[in-house]
Amino acid sequence: MTVVTVGASSTGTAARSPRRWARHESGRIAHARPSAMSCSNCVWSRTGGPGPSGYAPSKTFLNAVTVQYAEELHDTNILINAACPGFTATGLNGFRGVRSPEQGAAIAIRLATLPDDGPTGGFFDDAGVVPW
Ligand SMILES: NC(=O)c1ccc[n+]([C@@H]2O[C@H](COP(=O)([O-])OP(=O)(O)OC[C@H]3O[C@@H](n4cnc5c(N)ncnc54)[C@H](OP(=O)(O)O)[C@@H]3O)[C@@H](O)[C@H]2O)c1
1 MTVVTVGASS
11 TGTAARSPRR
21 WARHESGRIA
31 HARPSAMSCS
41 NCVWSRTGGP
51 GPSGYAPSKT
61 FLNAVTVQYA
71 EELHDTNILI
81 NAACPGFTAT
91 GLNGFRGVRS
101 PEQGAAIAIR
111 LATLPDDGPT
121 GGFFDDAGVV
131 PW
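In our numbering, the protein residues as written are 1 to 132.
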């Protein structure tokens, strides 16, 4: 089973117990989040991003969910990672993003099709690993 949770991450993944995922033979989960929302830089308004006040905390929560679930599922064939699509032209930002939706989706697709020995509990963009 392949799962890509991009839009409603919290309803797709975070609301479920990770052990419920473990009933599946395999799975891939990619949480979408901006690179500016890394743990070391979690106050986005300081870095020039748009600033609904709930956005940064929601993505910080997603960081924690990604790492925690990866830990809890380490003995399964389910890989869970976070993906940064880059500043992508979508309804979220009034289509001001500089990347196309196809470009933005590429990293989520890559993480959704990882081989069984692929990484888990990480944060990635097109260039590779992004520091938490
Ligand atoms: N765009 C960027 O530059 C960028 C950068 C970094 C991270 N991200 C992340 O990427 C993800 C997708 O963003 P986007 O740019 O594609 O935004 P978007 O164009 O606004 O799309 C959001 C999608 O989520 C769906 N959605 C919203 N609330 C939902 C709910 N309660 N239940 C089910 N579906 C729901 C929407 O469905 P409807 O169309 O039916 O409303 C829509 O398809 C977000 O988590 C965002 O934070 C985006």
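Ideal placement from N, C-alpha and C gives every residue a C-beta, glycine not left out.
A check of alpha carbon separations from Phe124 across Arg99, Arg20, Arg28, Ala32 identifies Ala32 as the nearest.
Under the three-state reduction of DSSP output, Gly122 falls in the coil class, being neither helix nor strand. Using a Cβ distance threshold of 8 Å, Ala30 and Asn81 count as a contacting pair.
Taking Gly121 as the centre and dropping the five residues before and after it, the same chain places the C-beta of Val67, Ala70 closer than 6 Å to its C-beta, in chain order.
If you draw a straight line from the Cα of Gly118 to the Cα of Ala64, it comes to about 20 Å.
The closest heavy atom of ligand 1 lies less than 7 Å from the beta carbon of Arg33. In this structure, the C-beta of Leu79 stays at least 7 Å away from each heavy atom of ligand 1. Comparing C-alpha distances from Asp75 to each of Pro131, His24, Val130 shows the shortest one belongs to His24. Beta-bridge partners of Gly91 (DSSP): none assigned. The residues Pro85, Gly86, Thr88, in chain order, have a CB closer than 7 Å to that of Gly104 in the same chain once the five nearest residues on each side in sequence are set aside. At least one heavy atom of ligand 1 falls within 7 Å of the beta-carbon of Leu92. Closest in C-alpha terms to Leu73, from the list Ala127, Pro131, Ser26, comes Ser26.
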